[in-house]
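Trainee: Have a look at this one before I ask anything.
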Ligand code: G4P
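In this note's numbering, the protein residues as written are 34 to 222.
See the structure below:
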């Protein structure tokens with residue numbers, strides 16, 4: 034997606050440890066027009082995949098996911114990192130380990146929002162080691178749903194995530210694929 038790549042070139046800041054800071058449009062402040070263009074791209078890529086529900090994990094996956102859901106006229110559900118007051122029981126939960134943050138978190142989705150027979154499109158902001166996407170896929174499969182695909186905004190192709198997801202048999206589509214952040218320079222695949 035050329036618009037996204039241009040935005041990354043102009044506003045992305047490369048931090049130590051192979052981390053890309055994009056808080057001007059994705060991870061803190063949100064560029065709604067760009068999110069809609071991302072939603073459009075996902076809707077086109079997965080338009081023929083029979084998707085019945087979009088799933089993401091809070092917080093930064095929500096903006097692109099909701100735009101795709103709007104354009105595909107299907108619901109979007111986001112996995113929560115903290116249990117809400119009203120979410121007491123009947124939950125699917127999975128532990129997700131973040132190598133980037135070196136911490137484990139538990140994510141939950143209420144059982145009433147995933148059904149057997151659902152075809153789930155998983156959307157997330159970053160793909161690094163693939164743990165968040167795999168955790169969401171486990172939740173979908175526990176519910177008896179099928180993973181129709183995984184849509185990623187920014188893939189760090191120099192990390193293991195894509196390979197792991199492909200190994201599991203999932204279709205992965207990323208809007209921007211970064212080959213390297215070496216020397217503080219963003220190089221796309
Ligand atoms: P993984 O799920 O692919 O294994 O990724 P990892 O554990 O390494 O990443 C954990 C968190 O760090 C995720 O956000 C992910 O989006 C984010 N992340 C990973 N690499 C980068 C990067 O290069 N730049 C930025 N900006 N974020 C990165 P999260 O904890 O779910 O945060 P949020 O969605 O609440 O913002």
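Just so you know, even glycine gets a beta-carbon here, dropped at the ideal spot from N, CA and C.
Please identify the residue among 46, 167, 161 and 90 whose C-alpha is closest to the C-alpha of residue 142.
Mentor: Ranking the options by Cα distance to residue 142, first place goes to 90.
Trainee: Give me the Cα-Cα distance between residue 209 and residue 37, rounded to the nearest whole angstrom.
Mentor: Their backbone Cα atoms lie some 7 Å apart in a straight line.
Trainee: Find the nearest neighbour of residue 60 within the set 110, 97 and 217, judged by alpha-carbon distance.
Mentor: Nearest of 110, 97 and 217 to residue 60, Cα basis: 97.
Trainee: For residue 55, which three-state DSSP category applies?
Mentor: Coil.
Trainee: Apart from the five residues on each side of it in sequence, which residues of its chain come closer than 6 Å, Cβ to Cβ, to residue 126?
Mentor: Closer than 6 Å at Cβ, skipping near neighbours: 139 and 141.
Trainee: Mapping DSSP to helix, strand and coil, what is residue 144?
Mentor: Reduced to three states, the DSSP call for residue 144 is helix.
Trainee: Ignoring anything shorter than 4 residues or poking outside the segment 81-138, list the alpha helix (DSSP H) runs there in chain order.
Mentor: Complete alpha helix (DSSP H) runs here, min 4: 95-105.
Trainee: Does DSSP classify residue 182 as helix, strand or coil?
Mentor: Strand at residue 182.
Trainee: By Cβ distance, which residues of its chain are closer than 7 Å to residue 69, with the 5 residues on each side in sequence left out?
Mentor: Result list for residue 69: 100, in chain order.
Trainee: In terms of DSSP beta bridges, what is residue 189 paired with?
Mentor: Beta-bridge pairing links residue 189 to 211.
Trainee: Looking at the ligand G4P, does it come within less than 7 Å of residue 161, judged from the CB to the closest heavy atom?
Mentor: Yes, Cβ of residue 161 sits closer than 7 Å to a heavy atom of the ligand G4P.
Trainee: Is residue 164 a contact residue of the ligand G4P, with contact defined as CB to any heavy atom under 7 Å?
Mentor: Correct: residue 164 has its Cβ closer than 7 Å to the ligand G4P.
Trainee: Indicate, with yes or no, if the ligand SAM has a heavy atom lying under 7 Å from the CB of residue 158.
Mentor: Of the ligands one can find in the structure shown, namely the ligand G4P, none is the ligand SAM.
Trainee: Find the nearest neighbour of residue 206 within the set 45, 52, 72 and 63, judged by alpha-carbon distance.
Mentor: Minimum Cα distance to residue 206 is reached at 72.
Trainee: On the premise that residue 198 lies in contact with residue 84, defined as a C-beta separation below 8 Å, what is that separation, rounded to the nearest angstrom?
Mentor: With a Cβ gap of about 17 Å, residue 84 and residue 198 do not count as contacting.
Trainee: Kindly indicate which residue of 213, 167 and 219 has the alpha-carbon position closest to the one of residue 200.
Mentor: With distances taken between Cα atoms, residue 200 lies closest to 167.
Trainee: What is the rounded straight-line gap between the Cα of residue 51 and the Cα of residue 41?
Mentor: Rounded to the nearest angstrom, the two C-alpha atoms are 14 Å apart.
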